[in-house]
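Sequential numbering from 1 applies to the sequence shown in the UniProt record's numbering.
Using N, Cα and C, we set each Cβ at its ideal position, and we do this for glycine too.
Remarks on the structure that follows.
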Amino acid sequence: MRPVQLADLEIAARVVAAQPAPARRAMVKLLCDQADMADIYRLGCGLAHPKFGTGTLMSAAMKHPQPVKPATSEPAFLTSLALLCAHLGGITPVDM
């Protein structure tokens, strides 16, 4: 995966927050795995991956249905953002 920017986190958190709470961790892992696969493809072929984009978290997230932008104070969005940050930091969150 390419280096993560704040915009990557926002777009990915929107996609994650749109999932039912029990499915959010799996969606975080899926998005990160897709970004990893796309980056490997990009480095090897010099082209964006046809399904997962350019190797950024944002491009992987943009391949999924885009929900309406939530308020940044919405609990589902904040929890999803925390799950993403924890996953990227190699931390297993306990209470989310």
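- Minimum Cα-Cα distance from residue 4 among the listed residues 81, 71, 24 corresponds to 81.
- Measuring C-alpha to C-alpha distances from residue 59 to each of 70, 73, 34, 77 identifies 34 as the nearest.
- Comparing alpha carbon positions, the residue from 64, 57, 38, 16 closest to residue 50 is 38.
- Residue pairing by DSSP leaves residue 87 without any beta bridge partner.
- The three-state reading of DSSP puts residue 53 in strand, counting E and B together.
- Judged by DSSP in its simplified three-state form, residue 14 adopts helix.
- Minimum Cα-Cα distance from residue 23 among the listed residues 42, 83, 68 corresponds to 83.
- The C-beta of residue 40 has fewer than 16 other C-beta atoms within 10 Å across all chains shown, which makes the residue exposed.
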